[in-house]
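**Student:** So the sequences go chain by chain: A and B.
In this text, residue positions in the first sequence follow the numbering used here: the first is 1, and each later residue adds one.
In this text, residue positions in the second sequence follow the numbering used here: the first is 206, and each later residue adds one.
Glycine included, each C-beta is placed from N, C-alpha and C at the ideal position.
Shown below is the structure under consideration.
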Amino acid sequence: LLVDDHPLFRRGLASVLRDNPDVEVVAEVGDAAAARQLARANAFDIAIIDVLMPGVSGISLTQDLLDLRPHCRVLVLSIVDEPSLIVELLRLGATGFAHKLQPIDEIRDAIRSVLAGTRYIAPLLRTANIEAKLGRAARTARLTEREREIFELVIRGHRNRDIAERFAIARRTVETHRARIVRKLGARSIVAMRRMAAVHGDLGQ
Amino acid sequence: VTRAGRREGARRKRARRRKRSHDFRAPLAALAIWIDVLRRDGDDPALRREALDAIDTCLELLMRAVRACERELAATSRSKSE
Numbered sequence: 001l002l003v004d005d006h007p008l009f010r011r012g013l014a015s016v017l018r019d020n021p022d023v024e025v026v027a028e029v030g031d032a033a034a035a036r037q038l039a040r041a042n043a044f045d046i047a048i049i050d051v052l053m054p055g056v057s058g059i060s061l062t063q064d065l066l067d068l069r070p071h072c073r074v075l076v077l078s079i080v081d082e083p084s085l086i087v088e089l090l091r092l093g094a095t096g097f098a099h100k101l102q103p104i105d106e107i108r109d110a111i112r113s114v115l116a117g118t119r120y121i122a123p124l125l126r127t128a129n130i131e132a133k134l135g136r137a138a139r140t141a142r143l144t145e146r147e148r149e150i151f152e153l154v155i156r157g158h159r160n161r162d163i164a165e166r167f168a169i170a171r172r173t174v175e176t177h178r179a180r181i182v183r184k185l186g187a188r189s190i191v192a193m194r195r196m197a198a199v200h201g202d203l204g205q
Numbered sequence: 206v207t208r209a210g211r212r213e214g215a216r217r218k219r220a221r222r223r224k225r226s227h228d229f230r231a232p233l234a235a236l237a238i239w240i241d242v243l244r245r246d247g248d249d250p251a252l253r254r255e256a257l258d259a260i261d262t263c264l265e266l267l268m269r270a271v272r273a274c275e276r277e278l279a280a281t282s283r284s285k286s287e
């Protein structure tokens with residue numbers, strides 16, 4: 001399934017993909033609403049989607065497609081190269097992020113990788129920053145919802161007493177949560193936690 | 206200029222830069238893909254015609270982006286000299 005609001009690029013990509021005997025383009029659409037509708041009615045192995053589309057972002061479309069078709073793979077193919085966006089999309093369940101200005105053969109490789117379930121990040125975008133964010137994202141993903149809430153307050157400098165009052169729980173319970181957070185994140189001090197939150201991006205903002 | 210004003214100015218600048226970058230990159234990406242189509246399937250008359258039309262459109266979009274950039278640069282240097 002191809003989803004891109006630029007008809008020129010979408011049609012060109014469909015043309016290129018049709019040359020591959022192992023790939024069948026089930027449908028190509030220009031907006032998220034049409035993509036959702038198609039996903040409800042048709043099964044597909046991979047959705048290749050753009051990020052910047054009118055009305056809706058690739059982020060919410062990624063979520064919707066994976067909700068509708070949990071076994072499909074999502075490859076984001078975009079001209080955007082912001083590390084935080086790439087990390088967010090991969091965290092949401094996209095398997096790969098390729099860049100539209102990559103050589104076509106590399107885009108084909110990206111599709112193959114993603115179909116095989118292997119994470120793909122375009123070589124020109126694979127920076128230490130992104131790898132670090134993904135590593136930390138994986139760690140923070142292990143936190144429970146309550147632990148994440150407490151983590152956010154801790155890095156903002158709230159004391160255990162304030163946190164306990166806020167959630168109407170015992171101070172001792174907050175301490176237990178904090179101990180678990182420290183263990184799960186491997187961050188021993190508040191400074192280390194803040195650093196983690198800063199590079200992670202979606203926590204502590 | 207207040208801090209909020211400076212922030213807003215910086216935000217607008219970023220948004221403008223992002224839009225300009227998009228205006229150039231989107232047709233470039235399409236151009237690259239259609240050149241690949243032409244290389245591989247240039248013998249097919251229908252595909253060849255479609256690829257050439259697409260390349261024409263991409264070039265037109267790129268020219269438009271160049272002209273918009275030139276206008277912006279001219280406006281910036283005018284406002285700096287005033």
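Within 8 Å (strictly less), CB to CB, does residue 113 of chain A reach chain B?
**Tutor:** Along the first sequence, one-based indexing puts residue 113 of chain A at 113. Closer than 8 Å: no.
**Student:** Determine the extent of the alpha helix (DSSP H) in which residue 209 of chain B is found, giving its start and end residues.
**Tutor:** On the second sequence, position 4 is the one that residue 209 of chain B refers to. Element bounds for residue 209 of chain B: 208-246.
**Student:** Mind reading off the beta-carbon distance from residue 14 of chain A to residue 2 of chain A? Whole number of angstroms is fine, and I expect it under 8 Å.
**Tutor:** Residue mapping note: residue 14 of chain A aligns to position 14 of the first sequence, counting from 1. Residue mapping note: residue 2 of chain A aligns to position 2 of the first sequence, counting from 1. Indeed, because the Cβ distance is near 6 Å, the residues count as touching under 8 Å.
**Student:** Look at the alpha carbon of residue 130 of chain A and the alpha carbon of residue 86 of chain A, and state the distance between them as a whole number of angstroms.
**Tutor:** Translated into the one-based positions of the first sequence, residue 130 of chain A becomes position 130. Translated into the one-based positions of the first sequence, residue 86 of chain A becomes position 86. Rounded to whole angstroms, residue 130 of chain A to residue 86 of chain A spans 8 Å at the Cα level.
**Student:** Please decide whether residue 154 of chain A counts as near chain B, where near means a Cβ-Cβ distance under 8 Å.
**Tutor:** Indexing the first sequence from 1 puts residue 154 of chain A at position 154. It does not: the Cβ of residue 154 of chain A has no partner Cβ on chain B nearer than 8 Å.
**Student:** Does residue 2 of chain A come out as helix, strand or coil in the three-state DSSP assignment?
**Tutor:** As a working mapping, residue 2 of chain A is identified with position 2 in the first sequence. Residue state, collapsed to three classes: strand.
**Student:** Could you tell me whether the stretch 53-72 of chain A touches the stretch 86-97 of chain A, where touching means 3 or more Cβ pairs closer than 8 Å?
**Tutor:** Contact between the stretch 53-72 of chain A and the stretch 86-97 of chain A is present, because at least three Cβ pairs lie under 8 Å.
**Student:** In chain A, which residues lie less than 8 Å from residue 259 of chain B when you measure between Cβ atoms?
**Tutor:** Start at 1 with the first residue of the second sequence, and residue 259 of chain B comes out as number 54. Per Cβ cutoff of 8 Å: 8, 11 and 12.
**Student:** Please state the DSSP three-state secondary structure of residue 189 of chain A.
**Tutor:** Mapped onto the first sequence, residue 189 of chain A falls at position 189. Note: residue 189 of chain A maps to coil in three-state DSSP.
**Student:** I'd like to know if residue 191 of chain A contacts chain B, where contact means its C-beta is closer than 8 Å to some C-beta of that chain.
**Tutor:** Here residue 191 of chain A refers to the residue found at position 191 when the first sequence is read from its first residue. Not an interface residue.
**Student:** Tell me, please, which residues DSSP counts as bridged to residue 107 of chain A.
**Tutor:** In the first sequence, the residue the question calls residue 107 of chain A occupies position 107. Residue 107 of chain A pairs with nothing; no bridge assigned.
**Student:** Distance check for residue 66 of chain A and residue 112 of chain A, CA to CA, integer angstroms please.
**Tutor:** If you number the first sequence from 1, residue 112 of chain A lands on position 112. If you number the first sequence from 1, residue 66 of chain A lands on position 66. Using only the alpha carbons, I get a separation of about 19 Å.
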